[in-house]
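The structure appears right after this line, and notes come after that.
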Amino acid sequence: MAQSGAPTAAHILNGHGPNGGDPSATRRAEPEGVSARRLAEEVAGPVISRLARPLARIARPVVNGLEDRMTADLDARDPDFIREQLPAAWLASSLWFRGEVRSLEQIPQEGPLLLVGNHSGGNMTPDTIVFTLAFNTFFGVERPFYQLAHSLVLASPYGMYLRKFGTVAASHENARKALHAGAAVLVYPGGDHEVHRPITERNKIDFDGRKGFVRLALEAGVPIVPVVSIGGQETALFLSDGRRLAHALRLDRLFRLKVLPVSIALPWIINVGDFFGHLPLPAKITTQVLEPIDLRERFGPDPEADEVYEYVTKLMQDTLARLAAERRFPVLG
Amino acid sequence: MRIEERITVRAHCEDVWDFITKPSNYLDFMDGVTRWEVQGELERGLGARYRMLMQVGSAQVGGLIEVVEWKPPSDMAWSSIIGIDQRGRWRVRDAGEGTTRLTFRFFYEVPGGIVSLIAERVAARSLRRRIRRSLINVRTELEGRRFAARVASTAELAG
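Sequence order for the protein chains is P and W. By our numbering, the letter at position 98 of the first sequence is numbered 98, and the numbering carries on one by one without gaps. By our numbering, the letter at position 4 of the second sequence is numbered 1004, and the numbering carries on one by one without gaps.
Here it is, written out as structure tokens:
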């Protein structure tokens, strides 16, 4: 099963959102002349790709088949199941992450809306646990609430569990379907790109130029509600998203793995790929919900995606900076 | 899980009853309550419904509740319709000499298995603390009013 990068099993919501593969997306610049990269390309790359090719040949049709079946079955969401799982989420959120979600009342009481969040914490996604719990207890499990994730996440062993929680494969079609059904939809446009960013960039909003969420909100005519979280990137010592390494090892071509994150995390100490998740440090997670943005009201009848993207990311970045300024110590909060 | 707390208030039963059954007072005196909204046309009485939320740990929990017992000025009980399974009861009893014994009982159940039992117990500590503070708030408010009334009356006599 593919792990880090786009097809990360444990990413609940690492989904690239409805905009993965956005042609307008910009990539991080790759410095040239890196000796490790050259070594990987010259030695490890061909060896690994030779070993992995037969596996990829077997896995791809299976994966593609599963992806085909991962259309949004909104009915798979099970409010009773969610209700039964809330105590565990509450314990994790209250005791371990000391979660604090502010201004939930800013979210409109009813009707469809697009919650746009920044994503942190590697495959364990603690911000998702804290926010999903808060949303479900505040509005009740009866309110339809869906989260977008990569289809391979849903094809993983966690898939059935996540589908009951309302996780659907990230695509415009599925998102539109959920929004037209009147649901609240949560998307993390930064997805795998953002969730594995190094700890030095922990207070940075980085959607990698993915503007699909803007187009989705415009098409569906729903407000965007930005959700900014801090603390997730302190649950391990994230060193690198390993994008260059994944590319050098040709994992992007073989498994569509765009990143191969490297971190220092429990219990593995050196954690490459975050394949099996990790024990997150008990960092305090604080989430700030911002005011809903009615795009046409703010930007006129035909808003430019670039302009909206800049506005939303700047707003979120400013909020993240404020939350960061409040923090006295890493992890402790 | 059942939590029960009581307090004696130097105020008449009717005043205590009037105070604790007025929905708009809950945000002021009920510690941790973030929402207490009347749902429907009936503000108080049997069948009145409220949407309530209380901060417990990292979440605001609660739901829609309905008054299922209404015996002024002694007993009011409610039960949940949506949200966390809960029942609550106010008991207001005359304790003589112008004082009132006020009891608050709260039952709640968390769905699930062992994890839920742990969550129930962990939440109980926070809830008990909140309920104690709430009763103290009721006492402070009502005894403050009584004191203010006495001061006003003395001032009037002196004037």
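Beta carbons are placed, not taken as given, at the ideal position from N, Cα and C, and that holds for glycine. Quick caveat, the model's predicted, so the values are computed rather than measured.
Residue-level contact by beta carbon fails for Leu-1127(W) and chain P, as no gap is shorter than 9 Å.
For Thr-137(P), the uninterrupted alpha helix (DSSP H) segment begins and ends at 126-139. Identification of chain P residues near Ser-1058(W) by a Cβ-Cβ cut-off of 8 Å yields Trp-90, Ser-93, Ser-94, Phe-97, Arg-98, Gly-99, Glu-100, Val-101, Val-130, Leu-133 and Ala-134, ordered along the chain. Residue nearest to His-172(P) within the set Leu-186(P), Phe-165(P) and Asp-302(P) is Leu-186(P) (criterion: CA-CA distance).
Listed in chain order, the non-local C-beta contacts of Arg-1010(W) below 6 Å within the same chain comprise Thr-1099 and Glu-1143, local neighbours out to five positions each way being set aside. The Cβ atoms of Pro-292(P) and Pro-223(P) lie closer than 9 Å to each other. The beta carbon of Thr-137(P) is closer than 6 Å to none in its chain, skipping five residues each way along the sequence.
Leu-1102(W) is not a Cβ neighbour of Ser-1080(W), given a cutoff of 9 Å. Counting only the Cα atoms, Trp-1090(W) lies some 9 Å from Trp-1078(W). In the three-state reduction of the DSSP assignment, Val-1068(W) falls in the strand class. Judged by DSSP secondary structure, Tyr-161(P) falls within the alpha helix (DSSP H) whose first and last residues are 159-165.
Only Val-1110, Pro-1111, Gly-1112, Val-1115, Ser-1116, Ile-1118, Ala-1119 and Val-1122 from the segment 1099-1131 of chain W bring a Cβ to less than 7 Å from some Cβ of chain P. Thr-137(P) belongs to the set of residues whose beta carbon lies under 9 Å from a beta carbon in chain W. Flagged as an interface residue toward chain W: Pro-87(P), by a C-beta distance shorter than 9 Å. Sorting Val-1110(W), Glu-1014(W) and Asp-1031(W) by C-alpha distance to the C-alpha of Leu-91(P) places Val-1110(W) at the top. Here Gly-1062(W) has Met-1052, Leu-1053, Met-1054 and Gly-1083 as same chain residues with Cβ atoms under 6 Å from its own Cβ, once five neighbours each way along the sequence are excluded. Residue range 224-230 is occupied by the beta strand (DSSP E) that includes Pro-226(P).
The criterion of a C-beta distance shorter than 9 Å is satisfied by Thr-167(P) and Leu-154(P). Looking at the DSSP output, Ala-184(P) sits in a beta bridge with Leu-113(P) and Phe-145(P). Between the segment 271-282 of chain P and the segment 109-127 of chain P, the count of C-beta pairs closer than 8 Å reaches three or more; the two stretches touch. In this structure, Gly-190(P) and Asp-208(P) form a Cβ contact; the two beta carbons are roughly 6 Å apart against a cut-off of 8 Å. Close partners of Leu-1053(W) in chain P (Cβ separation under 9 Å): Thr-137 and Phe-138. Interface residue (Cβ-Cβ distance to chain P less than 9 Å): Gly-1083(W) is classified as such. Counting the other CB atoms within 10 Å of its CB gives Lys-284(P) a total of 16 or more, which places it among the buried residues. Look at Leu-114(P): its C-beta is not under 9 Å from any C-beta on chain W. Chain-ordered, the chain P residues with CB closer than 8 Å to the CB of Gly-1063(W) read Gly-140.
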